[in-house]
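Enquirer: Sequences listed follow chains A and B, in order. If you're matching positions, the first sequence starts at 22 in my numbering and goes up one per residue. If you're matching positions, the second sequence starts at 100 in my numbering and goes up one per residue. Mind looking over this structure? Questions follow.
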Amino acid sequence: MRNCGHIDPENIKDYITRDGYQALGTVVTELKPIEVIEIIEQSGLRGRGGAGFPTGLKWKFTHQAAGKEKYVVANADEGEPGTSKDRLIMEGDPHSLLEAMAIAGYAIGANTGYIYIRGEYQLAIKRLKIAIAQAKEMGLLGENLFDSGFNFEIKIREGAGAYVCGEETALLKSIEGERGEPQVKPPYPTNEGLWGQPTLINNVETLANIAVIIREGAEWFNEIGTEGCPGTKVFTLSGDVENEGIIELPMGTPLRRIIEGFGGGMVDDKEFKVAQSGGSSGGCMPKELLDTPMDYDSLAEIGMTLGSGALLVMDETHCIVDIAKCLMQFFKHESCGKCVPCREGNKRLYNRLDKISKGEGELEDLERLRDLADTMSKTALCGLGQMAPTSIYTTLKYFKDEYLTHIEDNNCTTGSCRGLVDLEVQDKRGGKDYGNNN
Amino acid sequence: MEIIIDGQKCEAEAGQTVLEAAQQIGIKIPTLCYLKEVNEIGACRICIVEIEGKGYQTACTFPVSEGLRIKTTSPEIRRLRKLNLELILANHPQDCLKCERSTNCELQSLSKELGVEKVRFAQDSGGYKLDQSTPSIVRDYNKCIKCRRCVSVCEKVQGVKALYPNQRSFKAIISPGYKQELKDVSCVLCGQCIHACPVAAIKEKDDTERVWQVLNDENKHVVLQIAPAVRVALGEEFELPPGTPITEKIVTACRRLGFDKIFDTVFSADLTIVEEGHELLARLKNDGPLPLFTSCSPGWIKYIEHFHSDLLDHLSSCKSPQQMFGALAKSYYAETEGIEPENIVVVSIMPCTAKKFEATREEMEVNGNRDIDIVLTTRELARMLRVCGVDLMKLPAGEFDAPLGITTGAGDIFGITGGVMEAALRTVYEEVTENELEKLEFNQVRGFEGVREASIDLAGQEVNVAIINGLGNVDEVLTAIKEGEKEYHFVEVMSCPGGCIGGGGQPIPTTEEIIVQRGKGLYDIDQAKEIRKSHENPIIKEIYKDYLGEIGGQKAHNLLHTTYQERDQY
Ligand SMILES: Cc1cc2nc3c(=O)[nH]c(=O)nc-3n(C[C@H](O)[C@H](O)[C@H](O)COP(=O)(O)O)c2cc1C
Ligand code: SF4
Ligand code: SF4
Ligand code: SF4
C-alpha cells in the first residue's frame, strides 16, 4: 500500500515517478524467468489470499507445467465479509497490480492475464481500466515490452457476487463462462487451470508485493515480519473498536497492539470479548490469545487463521452462540451446493445452533455439532465447506461455558438469545450480519 | 508404478484413479455420484479414502502416483462416510415401501452396505412439484440427491445439455434452466438420464393405468405391438440373465393380460426397410438430398429438429416402425377385419421413452385417427405382469398373430445399432444388383463404437454409410458432412448408446456389458429366422399387392410417411 494516498491513481506518471514499472523493465530485459522466480522464492512471500501458500513455489510449478498457453489470474473477488484491502490497493495503486501481473507472466511464460474482480467494485474497475489504457499507451503493457520481445495483455472480468467464486477453481470456471463452482483438486490450476491450461492465481495483495520485492531485493523483504512469514500484512479492522479501517503492519504484530494502537481501544471502554480473525471462516479468538503474533504459522498452531486479514472485534455484549449462528447463516447461504457435507451440513449446524439459541438445546447437541463440523472439515470438497465450521470449533473450545449456560440454565447472559430474537433485530442493535455484508 | 493400498503393494498405471487401482485388487470402495468416465466430480464424498500426507480425498478423482499410500477403510473413514450418507438420507423421502426403484436403488443398497441404522438428523425433504410436463419423463425433485449423473450423461453422452445445477446450497436443484420444465427446453426425451439416476428421481411417465382401462372396455379392440429390443431385455425384470430372448413367453404373457391381438413391431420394421430402401435408391438416382438419415429414433428426430433444422430434408420421410404399425392397424387391418378404426386401440411396448412423445406428435395421425394410442416401456410392461402375478418362465410358448405378426430377421435387428443399416443393405443390395446375397451378415456395420463407417459396393456404385449411436456423437459427423469432409450416402442414427436395446425405457440397470448381451440376443434371433430379408416378408408383399399399391406410392405416402418441424434451441 506504499503508494496509496500518495499518488493520483488515474495518472500513470505519478506511479512511474515513484519507481513504477522499473521492476518490470529489469525483469524482462535483465533476468531469466527462473531468476525472477528465485527472487520471489527467496523473499519468502506467502499468498495473501488466505492459505498462505509460498508464492515462489506456486510460480515455479506453473513455470514448469507444460501447456499450449498459460495464464496469470489476479484474484480480486474479495468476497470475505469485513475485508476491503484489495479494493483499497486497486483504487489507490492500480499499476502495482498490473506491473506484478506482467512480471508474473514473464516468469511463468504467460502472455495473458485476467483480473477477476468483484462486480460491486465499480471505482476500482474504472481505475484499473484507465490504468490498463495508460500502460498500453506507454508501451508498458501490450507487445514487445521494453523491446524484450515479451508481450502481455490484461483483461478484466467482473464477478457476479457469489462468495464461493473467490475460490480459485470456481473463479476459473466463472471466467470460462460456466457456473462458478469449485472443482476437485488435483488437478491444480498450476497444471490445469483456465481452459485446461497452466494458470497462476494470486491474490491482489500478494501481487502488490512483487514489484517492490524485485526492486528492493528479497533480503530487504525478509527483514520485515517474522521468520516464516516475512513482509507486511494488510488488516481490515472493524467492530467495536474506536477506529475501524485498513492498516498495513509487519507480519506477526499481536492483535492486542492492533486494537490498542491503530484501533484506539474498545468503544466506550467496554470489555473485549472475542475477535474473529480471517473472515467468516476464521476462528474466534478469546482474550487470553490477544498476544498471539498475527501470522500464518502462529495462528495455525492454535487453530486460528490469518485468512484475508479481516479482524472483527466484539465486546462483552455479544453472545457466542449468536455469533456462531450468524456465521452458519452466512455459510448456509453461500455454499454452492455441489458436495454433500457442505450443502447439507451448514444447514444442520445452523439448525442446531438455532435450537440452542432458543433454549431448546441439549447437551448431546454439542457432541453432534462437533461430529458434523469435523466431518465437514475432513470431507468437504473445497475450502468453503472445510473452513465453514472453524467458528464452531473455536467457540466450543474457548467459550464452552457460554454454550452450557444456554443449554443447562436456559440463559443467554448478553440477552441476545432471549426467547426468539432473530437476526433482523440484532442488525438494528449494531451487531454484524454477515449474510448481508456480501 | 507401485502404490500401497491398505498395506498391500500393488501395481497401478499412470492416469488411473485410486478407485480404479483399488478395484483391480478386489477392494470395493463405495461410490454414489460416480459414473465411470462420465461423472467423476467428487460431489457425494462417499468414496473418500485416507491418503498419506494428503488427508481425506475422493478415490474416484484422485490420481495414483508412485509410492502413494492409501487407506480405504478405518473406523474414522467409515464414520465419515456414514455421516455424509445420513445427511443425504435426511434429505431424501424415505418412501422405500412405495417407491418403484425399491430393491433397485443405489441409495438403498449403499445404506445397507455402509450399515446405516438410523439417521441422526431430522427428516427435511420435499415440497417440490413434480415435472410432468412431457409425455415421456417425470422428474421428482423431492427424491433427487444432486449427484449430477443425469447432468453429465445428458451433456457428455447425449450432447443435449438440457440439465443444470440451479440455485445453491441446500436449495440446489438439478433441473432444466431456471424455473423451466423439461417441455420448455431442448430435451429429446431419450430417457438416458433415467439410467444414470441412482434413485427414483427420474422415471418414465407411467401409462399402465390407461392400458388397464382400455383392456377393461368391452367396446375396444386392443391390439399390441412389441418392439424387437423388448424381447431380449424384459427377462431381466424377472431375474433372467441379460439378453435372454423370451419372445414366445412375452406373447403368452400379454395374451393373459387381455390384449385382443398380439402383433410385432418387427413386421413394420420390415415395412420400413422396403419404403426407406426405395427412398434411398430414389435419392441415389436423383441426386439427393444426400446423405439420407434414418428416421426411426424419435429422440434423434427431436434432436435434429432442435439443433440442426437446416438438415431436415435429409431425414427419411418414413415414419418409424412404431408409427407405421399403428397406421396400418387402423387402416388395412381395420378394413380386413371389419372393425371401425375408432374402436381400435393400439398399444406399443417400447424400449424407449421418446416413443411416448413420438406417438403424441401432431403429424402422427391419418384421417383423424391417431396412429398409436398408448406407449408403454419395457419396465411398465414388467410392472403390469408383476401385478397380475404372471410367472413368466413357467408360461407356455405363444405365437404372434397374423398378419401383422409375420416377420423376418432383418426387422429383429432394428433394435441394435447398425441393425437398420444392415437390414436396409440386405434389401437394397439385392434390389440393385439383382443377385442374391451370399452372406447376410454385414459385419462391417456391426459393433458398438459411437461412430462407425463402411463402404459397400452396389453393382459398381460405392455407397458410403455411417452409423451413429449416442446423440453425443452426432455433431462431429454432421459437422464433417456440412464442411464437406465426409460424403456419406446413408447415415443411421440411434439416440441411445447401443441403439434401442440401450433405450431409456429398458430395465435398470442398463450398462455397457448388458447392452452387448442384449445385442447378441437380437443377432441370435435373426440368425434363427427362416426369412431374413425384409423384402421377402410374404405379408408385406401381399399388402402392397392388395392394399398399398406401389412402394413409395400415393397410398403408402399417406399412411407411412411424415413431415418434420423446426424447433427452438434452448
Ligand atoms: C470459499 C473461498 C473463498 C475465497 N475467496 C477468496 C477471495 O475473495 N480472494 C482471494 O484472493 N482468495 C480467495 N480464496 C483463496 C483462493 O482460492 C486462492 O487460494 C488464492 O486466490 C490464491 O492466491 P494466493 O496464493 O496469492 O493467496 C478463497 C478460497 C475459498 C475456499
Ligand atoms: S465445500 Fe461447499 S462450496 Fe465447496 S464445493 Fe462443497 S458445497 Fe460447494
Ligand atoms: S431425456 Fe435425454 S435429453 Fe432429456 S434430459 Fe434426459 S438425457 Fe437429457
Ligand atoms: S435426478 Fe437423479 S441423476 Fe440427476 S442429480 Fe438427481 S439423483 Fe442424480
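All residues carry an ideal CB built from backbone N, CA and C; glycine is no exception. Here the structure is a predicted model, which means the values were calculated and not measured.
Sorry if obvious, but does the Cβ on arginine 177 of chain B come closer than 8 Å to a heavy atom of ligand 4?
Expert: Residue numbering aside, residue 177 of chain B sits at position 78 when the second sequence is read from its first letter. No, the Cβ of arginine 177 of chain B stays beyond 8 Å of every heavy atom of ligand 4.
Enquirer: Is lysine 135 of chain B buried or exposed, if buried means 16 or more other CB atoms sit within 10 Å of its CB?
Expert: Position 36 of the second sequence, counted from the start, is the residue given in the question as residue 135 of chain B. Result: exposed.
Enquirer: Give me the residue from B/Ile104, B/Leu475, B/Thr477, B/Ala458 with the minimum Cα distance to asparagine 468 of chain B.
Expert: Position 369 of the second sequence, counted from the start, is the residue given in the question as residue 468 of chain B. Out of B/Ile104, B/Leu475, B/Thr477, B/Ala458, B/Ala458 has the C-alpha closest to the C-alpha of asparagine 468 of chain B.
Enquirer: Candidates B/Ser430, B/Glu434, B/Asp472: which alpha carbon is nearest valine 444 of chain B's?
Expert: Looking up residue 444 of chain B in the second sequence gives position 345. Distances from the alpha-carbon of valine 444 of chain B to those of B/Ser430, B/Glu434, B/Asp472 put B/Asp472 closest.
Enquirer: Would you mind listing the alpha helix (DSSP H) stretches within the region 104-172 of chain B that are 4+ residues and don't spill past its ends, in chain order?
Expert: 117-123
Enquirer: Using 9 Å as the limit for Cβ to Cβ distance, is isoleucine 187 of chain B near chain A?
Expert: By one-based count along the second sequence, residue 187 of chain B stands at place 88. It does: the Cβ of isoleucine 187 of chain B has a partner Cβ on chain A nearer than 9 Å.
Enquirer: For the region 201-234 of chain B, which residues have a CB atom closer than 9 Å to at least one CB atom of chain A, in sequence order?
Expert: Arg219, Phe220, Ala221, Asp223
Enquirer: For leucine 333 of chain A, which of helix, strand or coil comes out of DSSP?
Expert: Numbered from its first residue, the first sequence carries residue 333 of chain A at position 312. DSSP, reduced to helix, strand and coil, places leucine 333 of chain A within a strand of the structure shown.
Enquirer: Where does glutamate 672 of chain B fall in DSSP's three states?
Expert: No answer is possible for residue 672 of chain B: the residues shown for chain B start at 100 and end at 669.
Enquirer: Cα-Cα, which of B/Glu461, B/Thr477, B/Ile140, B/Ile642 is closest to glutamine 422 of chain B?
Expert: Position 323 of the second sequence, counted from the start, is the residue given in the question as residue 422 of chain B. Out of B/Glu461, B/Thr477, B/Ile140, B/Ile642, B/Glu461 has the C-alpha closest to the C-alpha of glutamine 422 of chain B.
Enquirer: Could you say if the region 327-338 of chain B and the region 619-626 of chain B meet the contact criterion of at least three C-beta pairs nearer than 8 Å?
Expert: yes
Enquirer: Hey, isoleucine 177 of chain A and leucine 144 of chain A are a contact pair by Cβ (cut 8 Å); roughly how many whole angstroms apart?
Expert: Counting from one through the first sequence, the residue named residue 177 of chain A turns up at place 156. Counting from one through the first sequence, the residue named residue 144 of chain A turns up at place 123. Their Cβ separation, rounded to whole angstroms, is 13 Å, which puts isoleucine 177 of chain A and leucine 144 of chain A out of contact at 8 Å.
Enquirer: Throw me the rounded Cβ distance for the valine 185 of chain A and tyrosine 137 of chain A pair, which I believe falls under 8 Å.
Expert: Numbered from 1 along the first sequence, position 164 holds the residue referred to as residue 185 of chain A. Numbered from 1 along the first sequence, position 116 holds the residue referred to as residue 137 of chain A. Contact flag wrong, Cβ pair sits at about 13 Å.
Enquirer: Is serine 356 of chain A near ligand 2, judged by its Cβ being under 8 Å from some heavy atom?
Expert: Reading the first sequence from its first residue, position 335 is the one you call residue 356 of chain A. Yes, ligand 2 has a heavy atom inside 8 Å of this Cβ.
Enquirer: For the alpha helix (DSSP H) that valine 361 of chain A lies in, which residues bound it at each end?
Expert: Within the first sequence, the letter at position 340 stands for residue 361 of chain A. That run of the alpha helix (DSSP H) goes 361-378.
Enquirer: For a test of your reading of the model: does the CB of alanine 261 of chain B fall under 8 Å from any non-hydrogen atom of ligand 4? Yes or no.
Expert: Counting from 1 along the second sequence, the entry for residue 261 of chain B is found at position 162. No, since every heavy atom of ligand 4 falls outside the 8 Å radius drawn around the Cβ of alanine 261 of chain B.
Enquirer: Among residues of its own chain, excluding the 5 on either side of threonine 351 of chain B, which ones have a beta-carbon nearer than 8 Å to its beta-carbon?
Expert: What you label residue 351 of chain B is simply residue 252 of the second sequence in a count that begins at 1. These residues qualify, in order along the chain: Leu494, Pro495, Ala496, Gly497.
Enquirer: What's the C-alpha gap between glutamate 635 of chain B and valine 373 of chain B?
Expert: Position 536 of the second sequence, counting from 1, holds the residue named residue 635 of chain B. Position 274 of the second sequence, counting from 1, holds the residue named residue 373 of chain B. When rounded, the distance between both Cα atoms is 10 Å.
Enquirer: Mind listing which residues of the region 335-361 of chain A have their C-beta closer than 9 Å to chain B's C-betas, in chain order?
Expert: Phe352, Lys353, His354, Glu355, Ser356, Cys357, Gly358, Lys359, Cys360, Val361
Enquirer: For a quick check, are the C-beta atoms of proline 192 of chain B and glutamine 231 of chain B less than 9 Å apart?
Expert: Counting from one through the second sequence, the residue named residue 192 of chain B turns up at place 93. Counting from one through the second sequence, the residue named residue 231 of chain B turns up at place 132. Between proline 192 of chain B and glutamine 231 of chain B, the gap from beta carbon to beta carbon reaches 9 Å or more.
Enquirer: Nearest-angstrom Cα distance between aspartate 98 of chain A and glycine 198 of chain A?
Expert: On the first sequence, residue 98 of chain A is found 77 positions in, with the first residue counted as 1. On the first sequence, residue 198 of chain A is found 177 positions in, with the first residue counted as 1. In a straight line, the C-alpha of aspartate 98 of chain A is about 16 Å away from that of glycine 198 of chain A.
Enquirer: Check the Cβ of threonine 396 of chain A against every Cβ in chain B and list those closer than 7 Å, keeping chain order.
Expert: Position 375 of the first sequence holds residue 396 of chain A. By Cβ distance, chain B contributes Leu179, Leu182, Asn183.
Enquirer: Aspartate 392 of chain A versus chain B: which residues are under 9 Å apart at the beta carbon?
Expert: As a working mapping, residue 392 of chain A is identified with position 371 in the first sequence. Neighbours of aspartate 392 of chain A on chain B, chain order: Arg178, Leu182, Arg219.
Enquirer: Where do the ends of the alpha helix (DSSP H) carrying methionine 483 of chain B lie?
Expert: By 1-based counting over the second sequence, the position of residue 483 of chain B is 384. Here the alpha helix (DSSP H) through methionine 483 of chain B covers 477-486.
Enquirer: Does the Cβ of proline 390 of chain B have 16 or more other Cβ atoms within 10 Å, making it buried, or fewer, making it exposed?
Expert: As a position in the second sequence, residue 390 of chain B is number 291, starting the count at 1. Proline 390 of chain B is buried by the Cβ-count criterion.
Enquirer: Kindly indicate which three-state DSSP category serine 437 of chain A falls into: helix, strand or coil?
Expert: The residue given as residue 437 of chain A occupies position 416 in the first sequence. Of the three classes helix, strand and coil, the one that applies to serine 437 of chain A here is coil, per DSSP.
Enquirer: Would you mind stating whether arginine 178 of chain B and valine 298 of chain B have Cβ atoms separated by less than 9 Å?
Expert: Along the second sequence, read from residue 1 onward, the residue named residue 178 of chain B stands at position 79. Along the second sequence, read from residue 1 onward, the residue named residue 298 of chain B stands at position 199. Not in contact: arginine 178 of chain B and valine 298 of chain B (Cβ atoms no closer than 9 Å).
Enquirer: Based on DSSP bridge pairs, tell me the residues matched to tyrosine 92 of chain A.
Expert: Taking the first sequence and counting its residues from 1, the one referred to as residue 92 of chain A is at position 71. Tyrosine 92 of chain A pairs with A/Thr133, A/Thr220.
Enquirer: Comparing alpha-carbon positions, which option in A/Ile268, A/Cys438, A/Ala191 lies nearest serine 329 of chain A?
Expert: Your numbering for residue 329 of chain A matches position 308 in the first sequence. The residue with the shortest Cα to Cα distance from serine 329 of chain A is A/Ile268.
Enquirer: Classify cysteine 186 of chain A as helix, strand or coil using the three-state DSSP reduction.
Expert: Working through the first sequence from its first residue, we reach residue 186 of chain A at position 165. Correct three-state label for cysteine 186 of chain A: helix.
Enquirer: Output the distance between the C-alpha atoms of glycine 604 of chain B and valine 573 of chain B, rounded to the nearest integer angstrom.
Expert: One-based indexing of the second sequence puts residue 604 of chain B at position 505. One-based indexing of the second sequence puts residue 573 of chain B at position 474. Going from the Cα of glycine 604 of chain B to the Cα of valine 573 of chain B covers about 21 Å.
Enquirer: Decide yes or no for the touch test of the region 225-240 of chain B against the region 303-323 of chain A: beta carbon pairs closer than 8 Å, at least 3 of them.
Expert: no
Enquirer: For glycine 152 of chain B, count neighbouring Cβ atoms within 10 angstroms of its own Cβ and tell me buried if that reaches 16, exposed if not.
Expert: Looking up residue 152 of chain B in the second sequence gives position 53. Flag for glycine 152 of chain B reads exposed.
Enquirer: Determine, using beta carbons only, whether alanine 271 of chain B comes closer than 9 Å to chain A.
Expert: The residue you call residue 271 of chain B lines up with position 172 of the second sequence. It does: the Cβ of alanine 271 of chain B has a partner Cβ on chain A nearer than 9 Å.
Enquirer: Does the distance from the C-beta atom of arginine 69 of chain A to that of asparagine 243 of chain A stay below 9 Å?
Expert: Locating residue 69 of chain A in the first sequence gives position 48, counting from the first residue. Locating residue 243 of chain A in the first sequence gives position 222, counting from the first residue. For arginine 69 of chain A and asparagine 243 of chain A, no; Cβs fall outside 9 Å.
Enquirer: What residues in its chain sit with their C-beta under 7 Å from that of cysteine 195 of chain B, if we drop five residues either side in the sequence?
Expert: For this step, residue 195 of chain B is matched to residue 96 along the second sequence. Here the set comprises Ser201, Gln207.
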